[in-house]
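K.L.:
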Amino acid sequence: MSTQLDVVVAAVRAIARDVLQVDLQARNGQPLPGAHPGAHIDVHLPQGLVRSYSLVNAIDGARLPHWRIAVGWDA
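Be aware that the sequence shown starts at 16, since it is given in our numbering, and climbs by one per residue.
1) Indicate the three-state DSSP secondary structure (helix, strand or coil) for glutamine 45 in the structure shown.
2) Can you give me the start and stop residues for the beta strand (DSSP E) that tryptophan 82 sits inside?
3) Could you pull out every residue in the same chain whose Cβ sits closer than 6 angstroms to the Cβ of alanine 50, ignoring the five residues on either side in sequence?
4) Relative to the C-alpha of valine 24, which residue among Trp88, Asp89, Ile84 and Ser67 is closest?
5) Note down the Cα distance separating valine 65 from valine 58, rounded to an integer number of angstroms.
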């Protein structure tokens, strides 16, 4: 089962050459559902693009104030 959540980019930080850390927060400010290490999310982008990313801050199913992903730049 999948659920779409309305999130916004809360923070972006360069963490390595060509890699950005992106924090996603619920638009309504509520905590996001928890996840277990290794969990992935699908990010729906404009023009119908969908990309999958690993959550890098998943902690044993605990609800989170934000989800954190690492995005590599690819030409």
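In this text, a Cβ means the ideal position worked out from N, Cα and C, and glycines have one as well.
All figures in this text were calculated on a predicted structure; none of them were measured in a lab.
P.N.:
Considering the structure as presented:
1) In the sequence shown, counting from the first residue as 1, residue 45 sits at position 30. Residue state, collapsed to three classes: coil.
2) Working through the sequence shown from its first residue, we reach residue 82 at position 67. Secondary structure note for tryptophan 82: its beta strand (DSSP E) is the uninterrupted segment 82–87.
3) If you number the sequence shown from 1, residue 50 lands on position 35. Apart from the 5 residues on each side of it in sequence, alanine 50 sits with its Cβ closer than 6 angstroms to the Cβ of Leu70 and Ala73 in its chain, given in chain order.
4) Position 9 of the sequence shown holds residue 24. Of Trp88, Asp89, Ile84 and Ser67, the smallest CA-CA separation from valine 24 is found for Ile84.
5) Within the sequence shown, residue 65 is the residue found at index 50, counting from 1. Within the sequence shown, residue 58 is the residue found at index 43, counting from 1. Across the structure, valine 65 and valine 58 are spaced so that their CA atoms are roughly 6 angstroms apart.
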